[in-house]
Amino acid sequence: MGVVEVRARIRSSSRNSGVLPLLPFFIFTGYFLLWPVLAVTIRSFKGNNNEWTLGNYRPILHTGPYLHAFITSLKLSLITGLIGSLLGAFFAYVIVKYAHGKFGAVIDSISAVFANSGGVPLAFMFVAAFGTEGIVTKLLKDFGWDIYAGHFTIFSFTGVVMVYSFFQVPLMVLVFKPAIAGLRKEWEEASINLGANSFTYWRRVGIPILIPSFVGAFFLLFAGGFSAYATARALTVGTVPLVPIIIGTLVDGNVVSDQTNLGDALAVGMIVVATIVMAGYIWAQRRAAKWRS
Amino acid sequence: MKRISLKWPLIISSSALAILIFVVPLYGATVYSFKGAAGKGHSWANYQWLVHQDGFYPALLTSLKLAVLAALFNLFLMVPTMVYLNLKGRKFKSIVDFLCILPLIIPVVSLAIGAQVAMPKFLQNTEYELVFFFVIIALPYTYRALDTSLQTVQLKTLVEASRSLGASWSTTIIRVIVPAIRSGITGAVFLTFALSIGEYTITSLLHWETFPTWTVVAGQQNILGAIAISVFSFVSAIALLTVIALFSKKGVERVEVDE
């Protein structure tokens, strides 16, 4: 190898291990991701006359519609997170155990599709199925069960829970399947050899190993349910007070608040909740990773 | 010890549950979308109504245009970034990884409000601002798709072989790396496209009209039409994402065979 060539190589490698080629990426994410978040955070501490204040946060921390919205949003994420993670874990177990080969691959891609199905179309589809004139509603009526006899409507909190489950359950299947598939056959054999029955194996070995992954996946579902906007917006048009929807109505000017920057404070409040939840997710992931080595 | 097999009870109960949660609503919506005039009989009327509605084509075109641009922009930004990251920029990997996960953590509503505060007027006056935010929203998925496929190929070996045979960096990327990670690129492109075309939150909060926001407005006049649109978009999304799944599976197999 000639000296010139070596030099050229050294020069090119030292030039190339710098940050320069990543600049477009850093500039892009800095400007379109970090800067908006920073800007909304700063403005949430500004009053109507551009003075510094904590006033925008006051309505969230005191009893009233905004605190109520946060509680409703948290309740919705908790319930759909639990339904999603429990049912999803059950499906994931059955799929890992009994769906192999081509059939397993088909189920994989169906889960991926359904997990990403949240949005406007999903809301309208549930209205078509479970609305007052819905196909399923009528079908059940023919069988003698009027689901609208009580308090139920598809436009209510319960309705939103039903629609969210449609994408939360498959999301759980996607996220949790690898954890179940990672349970080693030897662990079960070892416990059985040591005299455990299947139930004891699950209680003392299987479930304790899976708990961190399960909790992590639950946090992920929780965060997704907490920030979801389109589905609930199209379904309820504001009848169920959720934080994202309230922010939307403030932005659209449908609700007038005497505090111009209240929406910013709500947006920052959502970021704070989401950050806490994701910190939980990362913590659980680290715990779960212990077994994967 | 005799063990009771749970196989069939488990399969039957999970299938029943899956039918209840997924098949029933899908079935209900599909049947509803074919309802004829005044709710009698079956017809394509609702789908035809949709196509003749004011704003259908412009909204669809806007969505298609923005989605294509977002997919392209994503490609030009992320392919070189990810290649460099896996080749020489390893020390930056954790920070890029973190930035790409952020869009999952930051609620899209908050990002939209932030965009209103932070973006300059000239950008807020054009619908093309959405392209940038679609790319941001797609980042977590793009990152994973590209990273996974980059890790399955022997990137260093490929680059060294190509460089020592005298190829320039641009030739190496275009003629060697891109074909090797085709599955990841296809996945990233289709995912960005699919996410962009269905994006509602940022679009509606920034007051632009694309296909999803148009659907909501149209749905307020004619619920049957809105349901027809929904079934149509849902089925298209399923078709699109199934194509992605098949493509990326095939891609992975192909790379393995090549080795």
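Going down the list, the sequences are from chains A and B. Just so we're aligned, residue 0 is where the first sequence starts under numbering that gives the first Met the number 0, counting upward by one. Just so we're aligned, residue 0 is where the second sequence starts under numbering that gives the first Met the number 0, counting upward by one. Don't be surprised by glycine CBs; every beta carbon is placed ideally from N, CA and C.
Under 8 Å between C-beta atoms, does residue i make it to chain D?
{"i": "F21 of chain B", "result": "Protein chains A and B are contained in the structure displayed, whereas chain D is not."}
Compare the C-beta of residue i with all C-beta atoms of chain A and state if any pair is closer than 8 Å.
{"i": "G88 of chain B", "result": "yes"}
{"i": "G165 of chain B", "result": "no"}
{"i": "A225 of chain B", "result": "yes"}
{"i": "M0 of chain B", "result": "Legend: pLDDT at M0 of chain B = 47, less than 50; position of this residue unreliable, value from coordinates given subsequently. Judged by the 8 Å Cβ criterion, M0 of chain B is in contact with chain A."}
{"i": "L49 of chain B", "result": "no"}
{"i": "A236 of chain B", "result": "yes"}
{"i": "S232 of chain B", "result": "yes"}
{"i": "G27 of chain B", "result": "yes"}
{"i": "Y46 of chain B", "result": "no"}
{"i": "T209 of chain B", "result": "no"}
{"i": "F192 of chain B", "result": "no"}
{"i": "I11 of chain B", "result": "no"}
{"i": "P340 of chain B", "result": "Because residue 340 of chain B is not part of the residues shown, which for chain B are 0 to 258, the question remains open."}
Rounded to the nearest angstrom, what separates residue i and residue j at their Cα positions?
{"i": "T28 of chain A", "j": "M77 of chain B", "result": "11 Å"}
{"i": "F113 of chain A", "j": "A160 of chain B", "result": "42 Å"}
{"i": "G88 of chain B", "j": "P177 of chain A", "result": "29 Å"}
{"i": "A287 of chain A", "j": "I206 of chain A", "result": "12 Å"}
{"i": "F44 of chain A", "j": "L32 of chain A", "result": "20 Å"}
{"i": "L270 of chain A", "j": "G183 of chain B", "result": "The question names Leu, yet the displayed sequence has Ile at residue 270 of chain A. Spanning the two alpha carbons is a distance of roughly 30 Å."}
{"i": "I172 of chain B", "j": "R183 of chain A", "result": "40 Å"}
{"i": "I41 of chain A", "j": "V204 of chain A", "result": "49 Å"}
{"i": "T79 of chain A", "j": "G17 of chain A", "result": "45 Å"}
{"i": "A195 of chain A", "j": "R202 of chain A", "result": "10 Å"}
{"i": "R14 of chain A", "j": "P79 of chain B", "result": "Low local confidence applies: a pLDDT of 48 at R14 of chain A is under 50, so the model's placement there is unreliable, and no value is given."}
{"i": "I262 of chain B", "j": "P106 of chain B", "result": "Absent from the structure is residue 262 of chain B, since the part of chain B shown begins at 0 and ends at 258."}
{"i": "L223 of chain B", "j": "E132 of chain A", "result": "11 Å"}
{"i": "T152 of chain A", "j": "G158 of chain A", "result": "6 Å"}
{"i": "T235 of chain A", "j": "S155 of chain A", "result": "7 Å"}
{"i": "W43 of chain B", "j": "S229 of chain B", "result": "14 Å"}
{"i": "N115 of chain A", "j": "R285 of chain A", "result": "25 Å"}
{"i": "F165 of chain A", "j": "L173 of chain A", "result": "13 Å"}
{"i": "A225 of chain B", "j": "D146 of chain B", "result": "38 Å"}
{"i": "E128 of chain B", "j": "Q115 of chain B", "result": "11 Å"}
{"i": "I104 of chain B", "j": "W34 of chain A", "result": "15 Å"}
{"i": "H99 of chain A", "j": "K140 of chain A", "result": "39 Å"}
{"i": "L193 of chain A", "j": "V214 of chain A", "result": "29 Å"}
Let's see if you can read the secondary structure: which residues bound the alpha helix (DSSP H) around residue i?
{"i": "Y92 of chain A", "result": "64–97"}
{"i": "E188 of chain A", "result": "184–192"}
{"i": "E128 of chain B", "result": "128–151"}
{"i": "K137 of chain A", "result": "134–141"}
{"i": "F102 of chain A", "result": "100–114"}
{"i": "F27 of chain A", "result": "22–28"}
{"i": "D96 of chain B", "result": "92–104"}
{"i": "M284 of chain A", "result": "Before going further, note that residue 284 of chain A is Gln rather than Met in the sequence given. Here the alpha helix (DSSP H) through Q284 of chain A covers 261–288."}
{"i": "P119 of chain B", "result": "Element bounds for P119 of chain B: n/a, residue is neither H nor E."}
Between residue i and chain B, is the shortest Cβ-Cβ distance under 8 Å, so that the two count as touching?
{"i": "R183 of chain A", "result": "no"}
{"i": "Y65 of chain A", "result": "no"}
{"i": "D141 of chain A", "result": "no"}
{"i": "L21 of chain A", "result": "yes"}
{"i": "D263 of chain A", "result": "yes"}
{"i": "A216 of chain A", "result": "no"}
{"i": "A233 of chain A", "result": "yes"}
By alpha-carbon positions, which one of the options ends up nearest to residue i?
{"i": "G262 of chain A", "options": "A:N47, A:R202, A:I26", "result": "A:N47"}
{"i": "T191 of chain B", "options": "B:D53, B:K34, B:S62", "result": "B:S62"}
{"i": "P120 of chain A", "options": "B:G186, B:I180, B:T212, B:I104", "result": "B:T212"}
{"i": "S203 of chain B", "options": "A:F129, A:I82, A:R232", "result": "A:R232"}
{"i": "Q262 of chain B", "options": "B:A179, B:H41, B:S167", "result": "This structure gives no information on residue 262 of chain B, because the portion of chain B shown stretches from 0 to 258."}
{"i": "G54 of chain A", "options": "A:M277, A:A278, A:T274, A:T259", "result": "A:T259"}
{"i": "G54 of chain B", "options": "B:V242, B:W207, B:V230", "result": "B:W207"}
{"i": "F33 of chain B", "options": "A:A127, A:G83, A:T52, A:Y228", "result": "A:A127"}
{"i": "L345 of chain A", "options": "A:I82, A:Y92, A:S72", "result": "No answer is possible for residue 345 of chain A: it lies beyond the span of chain A, which begins at 0 and ends at 292."}
{"i": "F133 of chain B", "options": "B:A69, B:V177, B:G165", "result": "B:A69"}
{"i": "Y83 of chain B", "options": "A:R57, A:A68, A:I134, A:P23", "result": "A:P23"}
{"i": "E188 of chain A", "options": "A:I179, A:A180, A:Y200", "result": "A:Y200"}
{"i": "I112 of chain B", "options": "A:N49, A:G247, A:K96", "result": "A:G247"}
{"i": "V267 of chain A", "options": "A:L19, A:Y280, A:V242", "result": "A:V242"}
{"i": "V39 of chain A", "options": "A:P240, A:L265, A:V272, A:I245", "result": "A:L265"}
{"i": "M161 of chain A", "options": "A:L86, A:W282, A:S212, A:A283", "result": "A:L86"}
{"i": "Y46 of chain B", "options": "B:V242, B:A238, B:T214", "result": "B:T214"}
{"i": "Y163 of chain A", "options": "A:A278, A:A122, A:S108, A:W51", "result": "A:A122"}
{"i": "L73 of chain A", "options": "A:P211, A:L138, A:S190, A:L220", "result": "A:L220"}
Mind checking the segment 128–157 of chain B against chain A and listing, in chain order, the residues whose C-beta falls within less than 7 Å of any C-beta there? F131, F132, I135
Contact list for the segment 51–80 of chain B against chain A, Cβ threshold 8 Å: L76, M77, P79, T80
Counting only Cβ-Cβ distances shorter than 9 Å, please list the residues of the segment 102–124 of chain B near chain A, keeping chain order. P102, L103, I104, I105, P106, V107, V108, S109, L110, A111, I112, G113, A114, Q115, V116, A117, M118
Could you list the residues in the segment 68–93 of chain A with a C-beta less than 9 Å from some C-beta on chain B, going in chain order? L86, F89, F90, Y92, V93
Selection of the segment 27–42 of chain A by Cβ proximity to chain B, strictly under 7 Å: F27, T28, F31, L32, W34, P35, V36, A38, V39, R42
What residues in the segment 165–194 of chain A have a beta carbon less than 7 Å from any beta carbon of chain B? F165, V168
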